[in-house]
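In order, the protein sequence lines correspond to chains Z and H.
First residue of the first sequence? That's 45 in our numbering, and the numbers climb one at a time after it.
First residue of the second sequence? That's 292 in our numbering, and the numbers climb one at a time after it.
We put the CB at the ideal spot given by N, CA and C, even for glycine.
Report on the structure given below.
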Amino acid sequence: MNTYYAANLLVYAGVDIIACLALNLQFGVSGIVNFSFIVFQAVGAYAAAVLSMPPDSANGGFQTYFGGFQMPFPIPWIGGAIAGGLLAVPVGFVVLRKLRADYQAIALLVLSIIANTVITNATHLFNGAAGLALVPPPFADQIDPNTPGYQYLYVGMTAVCVALVYFVVTRIVNSPYGRTLRAMREREIAASAIGKNPVALKMTIFVVGGVIAGLSGALLVGFIQLWAPSVWLYPETIILFAAVIVGGRGNNLGAVLGALLVPVGFEEVTRLMPTSLGPPGLIPAFEWVAIGLLILGFLWFRPQGVRPEPRNVFEGGPETDEVDRARAV
Amino acid sequence: MLAQSEGPMLAGRDVHRHFEGMRAVDGVSIEVPRGKITGLIGPNGAGKSTFLAVLAGTLPATSGTITFEGRDITRLATHQRARLGLVRTFQLPSEFGQLTVLENLLVAAPHHRGDSLFGALMGRGYWIADEKRLVEQARVLLRRFSMSAKESDYASTMSGGQKRLIEIMRALMLEPRCLLLDEPMSGVHPKVVDEIKYYLQTLRAEGLTILMVEHELHLVEELCDSVVVMAQGKVIGSGTMATLRRQPEIVDAYLVG
Numbered sequence: 045m046n047t048y049y050a051a052n053l054l055v056y057a058g059v060d061i062i063a064c065l066a067l068n069l070q071f072g073v074s075g076i077v078n079f080s081f082i083v084f085q086a087v088g089a090y091a092a093a094v095l096s097m098p099p100d101s102a103n104g105g106f107q108t109y110f111g112g113f114q115m116p117f118p119i120p121w122i123g124g125a126i127a128g129g130l131l132a133v134p135v136g137f138v139v140l141r142k143l144r145a146d147y148q149a150i151a152l153l154v155l156s157i158i159a160n161t162v163i164t165n166a167t168h169l170f171n172g173a174a175g176l177a178l179v180p181p182p183f184a185d186q187i188d189p190n191t192p193g194y195q196y197l198y199v200g201m202t203a204v205c206v207a208l209v210y211f212v213v214t215r216i217v218n219s220p221y222g223r224t225l226r227a228m229r230e231r232e233i234a235a236s237a238i239g240k241n242p243v244a245l246k247m248t249i250f251v252v253g254g255v256i257a258g259l260s261g262a263l264l265v266g267f268i269q270l271w272a273p274s275v276w277l278y279p280e281t282i283i284l285f286a287a288v289i290v291g292g293r294g295n296n297l298g299a300v301l302g303a304l305l306v307p308v309g310f311e312e313v314t315r316l317m318p319t320s321l322g323p324p325g326l327i328p329a330f331e332w333v334a335i336g337l338l339i340l341g342f343l344w345f346r347p348q349g350v351r352p353e354p355r356n357v358f359e360g361g362p363e364t365d366e367v368d369r370a371r372a373v
Numbered sequence: 292m293l294a295q296s297e298g299p300m301l302a303g304r305d306v307h308r309h310f311e312g313m314r315a316v317d318g319v320s321i322e323v324p325r326g327k328i329t330g331l332i333g334p335n336g337a338g339k340s341t342f343l344a345v346l347a348g349t350l351p352a353t354s355g356t357i358t359f360e361g362r363d364i365t366r367l368a369t370h371q372r373a374r375l376g377l378v379r380t381f382q383l384p385s386e387f388g389q390l391t392v393l394e395n396l397l398v399a400a401p402h403h404r405g406d407s408l409f410g411a412l413m414g415r416g417y418w419i420a421d422e423k424r425l426v427e428q429a430r431v432l433l434r435r436f437s438m439s440a441k442e443s444d445y446a447s448t449m450s451g452g453q454k455r456l457i458e459i460m461r462a463l464m465l466e467p468r469c470l471l472l473d474e475p476m477s478g479v480h481p482k483v484v485d486e487i488k489y490y491l492q493t494l495r496a497e498g499l500t501i502l503m504v505e506h507e508l509h510l511v512e513e514l515c516d517s518v519v520v521m522a523q524g525k526v527i528g529s530g531t532m533a534t535l536r537r538q539p540e541i542v543d544a545y546l547v548g
């Protein structure tokens, strides 16, 4: 296998895994239907891009954007993560406080569409529809990005981020705090009746998820070196939802599996299909049909996903085989 | 000055709750005495559940004041009232379905070091002592309510009566000072009704204050020390069941409602 192809596949897999872990924390564990998830990845990518790029007068000024701070690694990545978290504050403040959960989902979907339209048309912010190009990858001034060594390095840095994010979300999910989040997901009004503050819980998780999403965007833009409104259209969020549903809502390993099966798997399978099959655009169109069927099929036949949320059994309780026997009777 | 422990546990003064002009609770004043079970009865649509929700903070009051242990709590949110020890249950079962029975209890425990983002990120070593202590505390409750064998089952798989018990145990994990129960016996098998009745009597003996909405008058008669009758958003009488039964206007209102 070609090194560049393999690196490309692995970095995309890493980015999708990180995104799915964050979405699982928000949607799978806490019940926040964040239909604007991709916006948080996008803001991380834009922030990382303008933090690492030279001022827009460089390269003959063929693109316009604000900033251009030429900061060295890891500042763009950290900045991307912070930007994702910062965006979550006003969005969460408007959407999560007063609205009922189903309206929250609608509001977030609309926000995703508005954000994309604004960035497309406000050309001075991030160069409009054409997007940002020539985003310098990390260490580009020290190592030539077009070498196999650099590709391996990037895969390694991605792996470190995946491990770090997995560690953080696992600690949250497997803690008493994670239990509180699941209780809120199950029945918010009852959670507040036992002293939990749903608004504070949701805001916190919205920001944590925003930070992780922002990091995933920074990671991706450093690799593909360009970022435009066409890569973060709202359907991208739906693909991530499909991944979390297929993998198993509330299960971190399930989120990893879902990321590998849906966004990564679909890309690769369709790559292998002959393009002469029909009119151009037929296969991408079928991809969307397949994603839709996949979501419906799982919600219908296996709503808990490939890897369901684990049941927590505590030590010193009734013997489990005793319980199972009692259940079998 | 009156010592705080001598006044009522919970009091509402001229409490209103209107829904776009509809006066669901229309100037209700009530005092819930300490260590007693107070019944709240009345026909369907009398505003009992709405009033309970206003006392618990689930619904904000349109006007009026609510005091808990002498402290004005009218503007506090539900979770803040719960942390003070004023805990409600719901008319419909409100278990956390995808949590086990034991987890349903654990999640309600206040003061858990692992129950914050910081605590969670610090890792298991930071909160495991609290967790072990609370598992023991929850198991004592499970034994008391004869639910030990079910601790690892998902709450969603429990029967209606068992869900009621889970909800009461969950409320008790907060070590409440006052319980607001919204029809705790509705849809429950008669045998479990007797159990719940027994548990409520023991809780009263331990000094817990209870205000409960209930439709079954014979249960109210057996359990409640005093009763408040509501109709059309107002209090139309209060006292013991025996004295209320002698007032024809109350019998009429309740039966005709």
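Distance between residue j and residue i (C-alpha atoms, nearest Å)
i        : j        : result
Ala496/H : Gly326/H : 8 Å
Leu472/H : Val290/Z : 40 Å
Ala93/Z  : Leu178/Z : 9 Å
Ala227/Z : Val526/H : 36 Å
Pro334/H : Leu502/H : 17 Å
Ile150/Z : Lys246/Z : 17 Å
His402/H : Lys240/Z : 11 Å
Ala429/H : Val243/Z : 27 Å
Thr164/Z : Ser274/Z : 9 Å
Gly104/Z : Gly175/Z : 16 Å
Tyr48/Z  : Thr214/Z : 31 Å
Cys205/Z : Ile62/Z  : 8 Å
Leu197/Z : Gly261/Z : 18 Å
Gly410/H : Gly222/Z : 11 Å
Pro118/Z : Tyr194/Z : 16 Å
Val285/Z : Gly451/H : Note that residue 285/Z corresponds to Phe in the displayed sequence, not to Val. Each residue's alpha carbon lies about 33 Å from the other.
Val542/H : Val319/H : 19 Å
Gln492/H : Leu514/H : 7 Å
Glu331/Z : Val199/Z : 27 Å
Cβ pair residue i, residue j closer than 8 Å
i        : j        : result
Ser74/Z  : Leu152/Z : no
Tyr386/H : Glu311/H : According to the sequence as given, residue 386/H is Glu; it is not Tyr. Going by C-beta atoms, Glu386/H is not nearer than 8 Å to Glu311/H.
Gly401/Z : Gly88/Z  : Chain Z is shown from 45 up to 373; residue 401/Z falls before or after that span and cannot be answered.
Gln269/Z : Pro324/Z : no
Leu373/H : Met464/H : First, the residue type needs correcting, since residue 373/H is Ala and not Leu in the sequence shown. Not in contact: Ala373/H and Met464/H (Cβ atoms no closer than 8 Å).
Leu301/Z : Tyr210/Z : no
Val154/Z : Gln148/Z : no
Gly376/H : Arg468/H : yes
Thr224/Z : His168/Z : no
Close beta carbons around residue i, own chain, < 7 Å, minus the five adjacent residues each side
i        : result
Tyr90/Z  : Phe170 and Trp271
Ala50/Z  : none
Thr356/H : Arg304, Asp363 and Thr365
Pro352/Z : Gly292 and Asn295
Ser443/H : Thr391 and Leu393
Same chain, Cβ closer than 8 Å to residue i, five either side skipped, listed in chain order
i        : result
Val518/H : Thr329, Gly330, Leu331, Ile332, Val511, Ser529, Gly530, Thr531, Met532 and Leu535
Leu293/H : Because the pLDDT of Leu293/H is 45, which lies under 50, any placement of that residue in the model is unreliable, and the number read from its coordinates should be weighed accordingly. Here the set comprises nothing.
Gln549/H : What the structure shows of chain H is the stretch from 292 to 548, and residue 549/H is not part of that stretch, so it cannot be assessed.
Gln538/H : Gly528
Beta-carbon proximity list for residue i, same chain, < 6 Å, skipping 5 on both sides
i        : result
Arg379/H : Ala347 and Leu471
Glu232/Z : Pro242
Val59/Z  : Ser260, Leu263 and Leu264
Gly498/H : Gly326
Delimiting residues of the alpha helix (DSSP H) encompassing residue i
i        : result
Asp146/Z : Ala145 to Asn165
Met460/H : Gly451 to Met464
Met247/Z : Pro242 to Ile268
Cys64/Z  : Thr47 to Leu67
Assumed close pair residue i, residue j - CB separation to whole angstroms, cut-off 8 Å
i        : j        : result
Ala57/Z  : Val308/Z : 5 Å
Lys339/H : Met521/H : 5 Å
Val323/H : Val345/H : The pair is not a contact, with the Cβ atoms about 13 Å apart (cut-off 8 Å).
Phe84/Z  : Gly254/Z : 5 Å
Val392/H : Phe342/H : Val392/H to Phe342/H, Cβ: 31 Å. No contact.
Arg404/H : Trp418/H : 4 Å
Ile249/Z : Ile76/Z  : 6 Å
Residue interval of the beta strand (DSSP E) (run including residue i)
i        : result
Asp100/Z : Taken as a continuous stretch (DSSP letters only), Asp100/Z belongs to no beta strand (DSSP E), as it is neither H nor E.
Thr329/H : Ile328 to Ile332
Lys142/Z : Premise fails: Lys142/Z is in no beta strand (DSSP E) and is neither H nor E.
Met228/Z : No beta strand (DSSP E) holds Met228/Z; the alpha helix (DSSP H) holding it covers Pro220 to Glu230.
Glu322/H : Met313 to Val323
Val217/Z : From DSSP, Val217/Z is part of no beta strand (DSSP E) but of the alpha helix (DSSP H) over Pro192 to Val217.
Ile527/H : Lys525 to Gly530
Asp485/H : No beta strand (DSSP E) contains Asp485/H, which is instead part of the alpha helix (DSSP H) from Pro481 to Ala496.
Gly298/H : From DSSP, Gly298/H is part of no beta strand (DSSP E); its letter is neither H nor E.
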